[in-house]
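Position 10 of the sequence shown, counted from 1, bears residue number 39 in my numbering, the numbering being contiguous throughout.
Where a beta carbon is used, it is the ideal one built from N, C-alpha and C, also for glycine.
Notes follow once the structure below has been shown.
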Amino acid sequence: MTRLPCRLAVLLSGTGSTMVNLNDHILNGTLPAEIAVVVSSRKRALGLERAKERGIETRVLSRRPFTTEGIFNDVAYSEALAALIAPFSPDLVAMAGFMTRLADPVLHQFDVVNVHPALLPMFGGNGCYGHHVHEAVLSQGVKITGATVHFADSNYDTGPIILQEAVPVMEDDTPDTLAERVQAAERRIYPRAIALYAQGRLQKEGGRVRILDASAAEF
Ligand code: GAR
Numbered sequence: 030m031t032r033l034p035c036r037l038a039v040l041l042s043g044t045g046s047t048m049v050n051l052n053d054h055i056l057n058g059t060l061p062a063e064i065a066v067v068v069s070s071r072k073r074a075l076g077l078e079r080a081k082e083r084g085i086e087t088r089v090l091s092r093r094p095f096t097t098e099g100i101f102n103d104v105a106y107s108e109a110l111a112a113l114i115a116p117f118s119p120d121l122v123a124m125a126g127f128m129t130r131l132a133d134p135v136l137h138q139f140d141v142v143n144v145h146p147a148l149l150p151m152f153g154g155n156g157c158y159g160h161h162v163h164e165a166v167l168s169q170g171v172k173i174t175g176a177t178v179h180f181a182d183s184n185y186d187t188g189p190i191i192l193q194e195a196v197p198v199m200e201d202d203t204p205d206t207l208a209e210r211v212q213a214a215e216r217r218i219y220p221r222a223i224a225l226y227a228q229g230r231l232q233k234e235g236g237r238v239r240i241l242d243a244s245a246a247e248f
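Next up, the structure:
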């Protein structure tokens, strides 16, 4: 159980539409949370500007100082990230299009959730993000895709699944049309999953997440 409102540290690398959606749900009262800080791994990320416009504290933590001869030191990066967000006392770290794998210094200190535009464990992993996911889904000819919210671990797109929503693939879908419907699903399930966390209703049992009091009203 966390405090209400649940304090979030939101991590992003891109346009920030996931962060904006969370913020909109907070503002309209459907997510009992507040965004304490937004951290971007890219200083030019549009998501940073969108956070600033909304009066949210922002920080940048580039990958470059943690990369030597093309090898990224994820442990050192995660140490720096944990030190950066700790003063904001987050109850939960929410990845929102954050294109960096986290390591123990963050994962041991904080619960971390992620949203992914496919039905994991299919179509996840390093390099499988954003449009690449929808292109892969179409080229493999699957009939059903969707969105997944899960607790993050130290790999890309793995960890106990909290919520999923299925999205049918239509005959005339392009990566763009499919992305639009999957993003709509993401925008529904990510705030719901965080609200369940905030209410203390997620119980991890090994690789599985049980939703406590599942018949109770949700936010
Ligand atoms: C979202 O669609 C999210 O599912 C995806 O990145 C996008 C971020 O969009 N995340 C992953 O693919 C994680 N593997 P945004 O920058 O507009 O919020």
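| Check | Outcome |
| --- | --- |
| Buried or exposed by the 16-neighbour rule on C-beta atoms within 10 Å, applied to N155 | exposed |
| G229 classed as buried or exposed, judged by whether at least 16 other C-beta atoms fall within 10 angstroms | exposed |
| Option in L41, L37 and T59 with minimal Cα separation from F117 | L37 |
| Residues that DSSP places opposite S46 in a beta bridge | S46 is not bridged to any residue. |
| Contacting residues, own chain, Cβ-Cβ under 8 Å from G236 (five flanking each side not counted) | P189 |
| heavy atom of the ligand GDP below 7 Å from P189 C-beta | Absent from the structure shown: the ligand GDP. Ligands present: the ligand GAR. |
| Inter-residue spacing [alpha-carbon to alpha-carbon] between L61 and V68 | According to the sequence as given, residue 61 is Pro; it is not Leu. If I take the Cα positions, the gap works out to 20 Å. |
| Contacting residues, own chain, Cβ-Cβ under 6 Å from Y106 (five flanking each side not counted) | F95 |
| Of the residues N184, P204, G99 and M151, the one placed nearest Q193, counting alpha carbons only | M151 |
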